[in-house]
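In what follows, a single structure is set out as structure tokens and then discussed.
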Amino acid sequence: MELASLAERDQVSRQLSAEEIELWRAVTATVRPRDPRKLAAVRPQPEQKPAPKSEHRILVETSTKAKPMLRPLGSIDRRQQKELSKGRLQIDARIDLHGRRVADAHQAINEFLRRAQGEGARVVLIVTGKGSVRAGVGSAYSDGEVGILRRQAPQWLADPRLRHVVAAFGEAAPAHGGAGALYVRLRRR
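With the numbering used here as the guide, the letters of the sequence shown map in order to residues 159 to 347.
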């Protein structure tokens, strides 16, 4: 039996088979209408009044080792980008991901950022490269995607597992790689 789509079924009515007609008669013969007098009237729900305030206070136990709330992930603004490109703000460390596979690059970024933070770095540069822009050029490891590290790096930096390390990031100035590089501002330890 071939099933018709809902639209076709709504537009085309078919004749019931003798078996279906007999089944429908058997079902409707056992059905009786309900007595409206026996139906319970639906009453509107009364508005619930708020419970009176208790004079007793409930003490909630809190952990003394609560983790501090991290500020939202920011971005490197144009002023900071300009100061970095002119050398007024120092880039404390850099990593070049050219020629790395995705998994290797991801692991390298994680290790690099943690190590840089541990060494007291405040601003680092991650060079992903812009990726190939020529048609038909791709790697056997990139599933034909062009510039995959360039696209993946911001997602890795925004990962909640790196929030205690990364404070902000943004595209680097042309002098440091432009669209193929990222400035990353690290949180203090």
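All C-beta atoms, glycine included, are put in the ideal place defined by N, C-alpha and C.
For residue i, the nearest candidate out of the options (CA to CA)
| i | options | result |
| --- | --- | --- |
| A279 | I249, L255, D262 and H256 | I249 |
| A251 | L271, V189, P202 and G289 | L271 |
| N268 | E329, H256 and W314 | W314 |
| A330 | Q238, P312, P318 and Y341 | Y341 |
| A326 | A333, I234, A263 and R346 | I234 |
| V324 | P204, L255 and G276 | G276 |
| L320 | I306, P204 and R347 | R347 |
| G287 | Q265, A274, V281 and I253 | I253 |
| H322 | L307, L344 and I306 | L344 |
| I306 | P318, R273 and V260 | V260 |
| Q265 | R190, V185, L247 and Q310 | Q310 |
| I284 | R308, R183 and Q206 | R308 |
Beta-bridge pairing of residue i - partner residues as DSSP gives them
| i | result |
| --- | --- |
| V282 | A251 and V342 |
| S233 | F327 |
Opening and closing residue of the alpha helix (DSSP H) in which residue i lies
| i | result |
| --- | --- |
| R190 | No alpha helix (DSSP H) holds R190; DSSP gives it neither H nor E. |
| G276 | V260 to G276 |
| P312 | I306 to L315 |
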